[in-house]
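Here is the structure we will look at.
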Amino acid sequence: MRATLALRASVLSALLLAGFILVWYAATLPKSAGPAVDPAYARLMGAATSPQGNGLPSPAAVGGVLLDHLRHPFFDKGPNDKGLGIQLAYSLARVMLGFLLAAIVAVPAGFLVGMSPLLRRALDPFIQVLKPISPLAWMPLALYTIKDSAISSIFVIFVCSIWPMLINTAFGVAATRREWLDVARTLEVSLWRRIFLVVLPAAAPTILTGMRISIGIAWLVIVAAEMLVGGTGIGYFVWNEWNNLSLSNVIVAILVIGVVGMLLDRMLALCARLVAYAE
Amino acid sequence: MSVGKEGRCACGQHASIEAHDAERLTEHMVEESLLRALMPHAQTRRAVLGVVGAGALLSALGDILPLGAVKALAQGAPGPLEKKALKIGFIPITCATPIIMAEPLGFYAKQGLEVQVIKTAGWAVIRDKAINGEYDAAHMLSPMPLAITLGAGAQPMPWTMPAIENINGQAITLAMKHKEKRDPREWKGMRFAVPFDYSMHNYLLRYYVAEHGIDPDKDIQIRAVPPPEMVANLRADNIDGYLGPDPFNQRAVYDGVGFIHLLTKELWDGHPCCAFAASRAFVKENPNTFHALLRAIVDATSYAAKAENRKEIAAAIAPTNYLNQPEVVVEQVLTGKFADGLGAIKDVPDRISFAPFPWRSMAIWILTQMQRWGQVKGDLDYRAVAEQVFLATEAGAVMREMGLAVPSGDSEGFDVMGKAFDPADPAKYLASFAIKHA
Chain A
1 MRATLALRAS VLSALLLAGF ILVWYAATLP KSAGPAVDPA YARLMGAATS PQGNGLPSPA
61 AVGGVLLDHL RHPFFDKGPN DKGLGIQLAY SLARVMLGFL LAAIVAVPAG FLVGMSPLLR
121 RALDPFIQVL KPISPLAWMP LALYTIKDSA ISSIFVIFVC SIWPMLINTA FGVAATRREW
181 LDVARTLEVS LWRRIFLVVL PAAAPTILTG MRISIGIAWL VIVAAEMLVG GTGIGYFVWN
241 EWNNLSLSNV IVAILVIGVV GMLLDRMLAL CARLVAYAE
Chain B
280 MSVGKEGRCA CGQHASIEAH DAERLTEHMV EESLLRALMP HAQTRRAVLG VVGAGALLSA
340 LGDILPLGAV KALAQGAPGP LEKKALKIGF IPITCATPII MAEPLGFYAK QGLEVQVIKT
400 AGWAVIRDKA INGEYDAAHM LSPMPLAITL GAGAQPMPWT MPAIENINGQ AITLAMKHKE
460 KRDPREWKGM RFAVPFDYSM HNYLLRYYVA EHGIDPDKDI QIRAVPPPEM VANLRADNID
520 GYLGPDPFNQ RAVYDGVGFI HLLTKELWDG HPCCAFAASR AFVKENPNTF HALLRAIVDA
580 TSYAAKAENR KEIAAAIAPT NYLNQPEVVV EQVLTGKFAD GLGAIKDVPD RISFAPFPWR
640 SMAIWILTQM QRWGQVKGDL DYRAVAEQVF LATEAGAVMR EMGLAVPSGD SEGFDVMGKA
700 FDPADPAKYL ASFAIKHA
């Protein structure tokens, strides 16, 4: 029986995962105990003198921590100790807010830039300089001027998501086929109808691609921003567990960040499929 | 004085007219004695008051002195709280013990305050959040309120330090590979971390190596690294050691990546480290809340000072919501019975201690070191800055109120590495150092 390509691919994925976990498991097998030490001293030294000296947690340990988090995702034991679900919600809310604000600014601005060659040339140097700035570099300035850490992190998301959307929108708008615009002009369609019924549908796939890039970057940046400012969010969770050198929790957080990032990307990919068209 | 109906006072804040009158009287006495202290000659006083009026003069003075707070302190019993729900920022280190433990052990609640203690990622962030008003008060390094007031490394803003949190309690931790290099003269080219530029850690490390002929700016590298990240950096061989706060010295030992070279109490026994700080604006606008908060802090600090309470405190502050450290690590720091990382168990009960009184002589020492390393330039009125920032009077009043022993002065000399410091002559002290960058 010949398996389909999809099935064979999933089997290979599963094998790769199993192989990875096996190597991980072997690497974290308990080593033989070192020279005997005074038990009172050993108690004070904790992990350092225990057999598992290299500190990397085993797959089972990480799995246990993960299960624990999945079982109680929404506990709230005070301002500095909240469940993973609550932390994710904070991060997602920040990303969404910053992303939406960026979209509100970037899409119309992209239209302007795309439709007017003059504006495109005038704004190009600014965009080229601002685009490569690491969004985190804005953080000290934002904290100083905005005077609010929550708004500052949303601002950082805004700054990092605006450029891909703006550039893609401008590109999509500028690439609208001449014939379609000529037809619209022949039929004496008003400017607004031309924008909404001709240019927007034509540019939509490119705009959505820009949005996909933006949300990916925003999700990367929020983790770093929250590690810097602290308080709440998945980035803060990583930082807090890093303080405690609790690698199991850090690995769980890495996993969760990856899964959520993938879901965000899939969501926009679905939207992109809705507006796609064949010529 | 206006009289209300049915025995209620006019302002509505007191149970009876008598209570209202008594409070007005105390306030009046505070104001009166303040004016007398400023202008001891009756004739001058009358002449000045005749021209500007007592009210105008007092409100002008109120801009300089936290008059509301002084009045609230003089009355003993706190008036109605201006603000009950407060946010206090902290860095997860044992120096902040009183600020942190006051929440789980109920010291804030005892004063009628609802305080949330918020963990913060680093000193620069805590400074910015405090300046922005996101925190009502904050855990700071004792040099920070001085630096903020002087505008060194921050926009100048009048800041106050009503209480010191801990004395001693820091250590120099070195990576295991430097086991044999116990003499600082061999440290040329090594990379060290301190928590912040404006920290006792920075000044003590610089002082220590300079006494051994090492120029801290030329012969070694000193970087500011947030305390929680020090162990990870030491493990990654990104630094060779640090003078940092606990529990991160003990945590390096616990994780087998470093050993404790020396405790800072061996450099200056009784040195201040972290502090409880608030903006002058907060103190002025919320005198009663400030008073209640200071009571809670002084109360918690003197509770933490007692050795028999240390185990309970370690258990209270170790969980994720506060320090997020293994309890056995925190316990070693607070009880002073600890593994040094080289195989020995040491017993130093005063490895860390807690004493709230903000000695102005300590502020003056800190200012000399800021000048020594070029953080603050030009002439400085040491005594005036110390008086403005270190609120020894207020702290003393609260301590007296709570039946604690209060020092008679606010300034006393001490030794740092065997060298005497005279707070009355800081300029001479500063001039006596061979290595400096003023």
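The listed protein sequences correspond, in order, to chains A and B.
If you're matching positions, the first sequence starts at 1 in the numbering used here and goes up one per residue.
If you're matching positions, the second sequence starts at 280 in the numbering used here and goes up one per residue.
A virtual CB, placed ideally from N, CA and C, is assigned to each residue, including glycine.
On a predicted model such as this, the values are computed, not experimentally measured, just so you know.
Check whether chain B comes within 9 Å of residue i, counting only Cβ atoms and requiring the distance to be less than that.
i, result
"A:P79", "yes"
"A:S58", "no"
"A:D68", "no"
"A:S134", "no"
"A:V229", "yes"
"A:S149", "yes"
"A:G143", "Sequence inspection shows Leu at residue 143 of chain A; the Gly mentioned does not correspond to that position. It does: the Cβ of A:L143 has a partner Cβ on chain B nearer than 9 Å."
"A:M45", "yes"
"A:L84", "no"
Run the CB neighbour count on residue i, radius 10 Å, all protein chains shown included, and call it buried at 16 or more, exposed below.
i, result
"A:T186", "exposed"
"B:R461", "exposed"
"B:E465", "exposed"
"A:R104", "Sequence inspection shows Ile at residue 104 of chain A; the Arg mentioned does not correspond to that position. Exposed, by the Cβ-count rule."
"B:H570", "buried"
"A:K82", "buried"
"B:R406", "buried"
"A:M139", "buried"
"B:R502", "exposed"
"A:Y277", "exposed"
"A:E179", "exposed"
"A:I133", "exposed"
"A:W192", "exposed"
"A:M159", "The question names Met, but residue 159 of chain A is Val in the sequence shown. Buried, by the Cβ-count rule."
"A:V259", "exposed"
"B:K408", "buried"
Keeping to the same chain, check which residues put their C-beta closer than 6 Å to that of residue i; ignore five residues upstream and five downstream.
i, result
"A:L70", "none"
"B:R639", "A665, F669, A671, D689 and S690"
"A:A336", "Residue 336 of chain A falls outside the range modelled here, since chain A spans only 1 to 279, and no answer is possible."
"B:Y482", "Q648"
"B:Q395", "K366"
Do residue j and residue i count as a contact pair if the criterion is CB distance below 9 Å?
i, j, result
"B:V612", "B:D701", "no"
"A:A224", "A:F237", "no"
"A:V250", "B:A400", "no"
"B:A556", "B:M649", "no"
"B:A699", "A:Y41", "no"
"B:A426", "B:I367", "no"
"B:W402", "B:S478", "yes"
"B:G523", "B:H540", "no"
"A:P59", "A:L247", "no"
"B:N445", "B:P377", "yes"
"B:V677", "B:V577", "yes"
"B:K715", "A:P79", "no"
"B:P371", "B:P506", "yes"
"A:I222", "A:R43", "no"
What residues in its chain sit with their C-beta under 8 Å from that of residue i, if we drop five residues either side in the sequence?
i, result
"A:I167", "G110, I127, K131 and G210"
"B:K720", "Nothing in the structure corresponds to residue 720 of chain B, since chain B is present only between 280 and 717."
"B:D619", "V532, F538, I539 and K625"
Could you tell me whether the Cβ of residue i comes closer than 9 Å to any Cβ of chain A?
i, result
"B:A623", "yes"
"B:S600", "The displayed chain sequence assigns Asn, not Ser, to residue 600 of chain B. Chain A contact via Cβ: present."
"B:A400", "yes"
"B:R530", "yes"
"B:P605", "yes"
"B:P524", "no"
"B:V504", "no"
"B:F617", "yes"
"B:A403", "yes"
"B:V609", "no"
"B:K408", "yes"
"B:E413", "yes"
Among residues of its own chain, excluding the 5 on either side of residue i, which ones have a beta-carbon nearer than 7 Å to its beta-carbon?
i, result
"A:L264", "I215 and W219"
"B:A593", "E606, V609, E610 and L613"
"A:I213", "P164"
"B:P551", "S421, I443, I446, M479 and M641"
- Segments assigned alpha helix (DSSP H), at least 4 residues, entirely inside the stretch 162 to 230 of chain A: 178 to 186 and 200 to 229
- Item | Runs of alpha helix (DSSP H) wholly within the stretch 602 to 653 of chain B (minimum 4 residues, chain order) | 606 to 614 and 639 to 651
- Message: For a minimum of 3 consecutive residues, which ranges assigned as the beta strand (DSSP E) are wholly contained in the stretch 504 to 558 of chain B?
- Response: 520 to 524, 537 to 542 and 553 to 558
- What runs of the alpha helix (DSSP H), each 4 residues or longer, lie entirely inside the stretch 387 to 424 of chain B? 402 to 410
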